[in-house]
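The structure under discussion appears below in the form of C-alpha cells.
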Amino acid sequence: MTKLIIGLVVGCLSFTSYAQDDEQFNVGQKKAAVCMTCHGSDGISNIDIYPNLQGQKMEYLVTTLKAYQRRQRSGGLALVMYEQADSLTEQDMQDISYFFSKVTSSSNTNE
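Numbering (the numbering used here), first residue to last: 4 to 114.
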C-alpha cells in the first residue's frame with residue numbers, strides 16, 4: 004500500500020511539473036510574439052542576419068537578453084535588441100527563453 008501511495012504522489016508531482024512547464028511554454032509563446040517577427044514563429048529565422056533561437060539553452064538566452072539590457076552586446080542589430088530587451092521584465096525573459104529553448108517546428112501552432 005505504501006508503494007502505491009508513493010507511486011501516486013510521484014506521478015502527481017511529475018504531472019504538476021509537466022503542467023507548469025506547458026503553461027510556461029504557452030505564456031512564453033505569447034510574450035515572444037514580437038521576437039517572432041525577426042526570429043521566426045518557431046525560432047528559425049527565414050532571414051540570414053537574424054540568429055535562430057530554437058533549441059538554444061534557456062540560461063544562454065536569458066543571459067543574452069540581460070546583456071542587451073545592460074548594453075553589453077554590440078553588432079549591427081544591437082540597437083534593435085536594446086529597445087526590445089528594455090521592455091522585458093525578469094519573468095518575461097524567463098518565459099520567452101523557456102519557449103525558444105523548448106519549441107520545435109512541430110510544436111508551434113502559430114504556423
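Ideal Cβ placement from N, Cα and C applies to all residues, glycine included. Small disclaimer: the values here were computed from a predicted structure and weren't measured.
Test item: CB-CB of residue i and residue j under 7 Å
i, j, result
"Y101", "A88", "no"
"F41", "Y53", "Looking at the sequence shown, residue 41 is not Phe but Cys. Their beta carbons are under 7 Å apart, which means C41 touches Y53 by this criterion."
Integer Cβ distance of residue i from residue j, believed to fall under 8 Å
i, j, result
"S104", "I47", "Not confirmed; about 14 Å, so no contact."
"L56", "L64", "7 Å"
For residue j and residue i, the rounded distance between their alpha carbons
i, j, result
"V106", "Q59", "10 Å"
"I99", "V30", "8 Å"
"Q75", "D45", "26 Å"
Any 3 or more C-beta pairs closer than 8 Å across the region 84-98 and the region 23-38: yes
Ignoring anything shorter than 4 residues or poking outside the region 44-91, list the alpha helix (DSSP H) runs there in chain order. 61-72, 81-89
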